[in-house]
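J.:
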Ligand code: TYD
């Protein structure tokens with residue numbers, strides 16, 4: 053059986069991932085492609101618990117980049133084993149909101165963690181299950197912060213960091229896409245144009261990914 057595709061949506065909070073993943077799902081389902089939408093950190097009960105733990109510790113300033121890396125990868129391994137690997141082998145494609153690429157951007161670049169360690173641990177945990185593509189929604193730091201401030205409820209401590217942190221993240225993602233970080237296929241989409249324009253660009257990218 054042909055393997056499903058493993059596609060990651062990346063970008064800072066407020067880049068529009070949620071809206072665009074919904075669009076991507078509808079677009080691919082109309083073409084008869086079997087798929088599953090999931091998110092990181094979480095996606096399965098055990099990993100959702102780790103997500104809560106990370107958020108609590110970060111909120112209270114009790115965890116630095118190394119601890120965060122360890123916990124994010126622990127959650128990721130549970131998610132890979134339970135959700136990603138079995139589905140892909142059954143021919144079901146995965147669209148995920150974030151993956152190990154987020155750990156590189158957040159814990160590596162923004163939190164100042166050791167990038168070589170993140171690369172090494174990625175090799176161990178991701179094993180042969182590397183994403184087929186990463187779609188980066190690129191927005192500038194001001195735009196992301198403005199969009200986030202309009203949200204009613206946001207209990208994500210990573211979103212409460214200031215403009216400097218956000219700027220580091222935006223730069224990190226741009227650099228990672230430029231360098232094909234992790235040996236991955238990156239596609240950059242301008243996330244500041246209209247929702248419809250972003251969707252159209254994503255449809256084009258998805259066509260490319262699925263024609264391979
Ligand atoms: P999420 O709900 O995905 O946020 P968003 O709506 O902004 O995408 O929450 C995940 C948060 O955790 C997000 O702020 C980024 C952070 N994160 C990391 O710092 N490292 C990681 O490896 C992952 C997967 C997420």
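In our numbering, the protein residues as written are 53 to 264.
From the three backbone atoms N, C-alpha and C, an ideal C-beta is built for every residue, glycine too.
(1) If I follow the unbroken beta strand (DSSP E) through residue 284, where does it start and stop?
(2) Give the straight-line distance between the Cα atoms of residue 169 and residue 213, rounded to the nearest whole angstrom.
(3) Where does residue 136 sit, in a helix, a strand or coil, going by DSSP?
(4) Measure the alpha-carbon distance for residue 178 versus residue 127 and round it to whole angstroms.
(5) For residue 222, does the three-state DSSP call read helix, strand or coil?
(6) Comparing C-alpha positions only, which one of 104, 245 and 75 sits nearest to residue 61?
(7) Suppose you measure from the CA of residue 220 to the CA of residue 161; what does that come to, to the nearest Å?
(8) Tell me the DSSP secondary structure of residue 145 in three-state form.
(9) Which whole-angstrom value is the C-beta distance of residue 197 and residue 66, which I expect to be below 8 angstroms?
(10) Which one or two residues does DSSP pair with residue 59 in a beta bridge?
T.: The answer reads as follows:
(1) Beyond the ends of the chain as shown, which are 53 and 264, falls residue 284; an answer cannot be given.
(2) So the two alpha carbons sit approximately 24 angstroms from each other.
(3) Three-state result, residue 136: helix.
(4) If you take the alpha carbons of residue 178 and residue 127, they lie about 12 angstroms apart.
(5) Taken through DSSP and simplified to helix, strand or coil, residue 222 comes out as helix.
(6) When each option's Cα is compared against that of residue 61, the closest is 75.
(7) The straight-line gap from Cα to Cα measures roughly 7 angstroms.
(8) In this structure, residue 145 counts as strand in the three-state DSSP scheme.
(9) Their Cβ separation, rounded to whole angstroms, is 7 angstroms, which keeps residue 197 and residue 66 in contact under 8 angstroms.
(10) DSSP, once it has assigned bridges, lists 147 and 185 as partnering residue 59.
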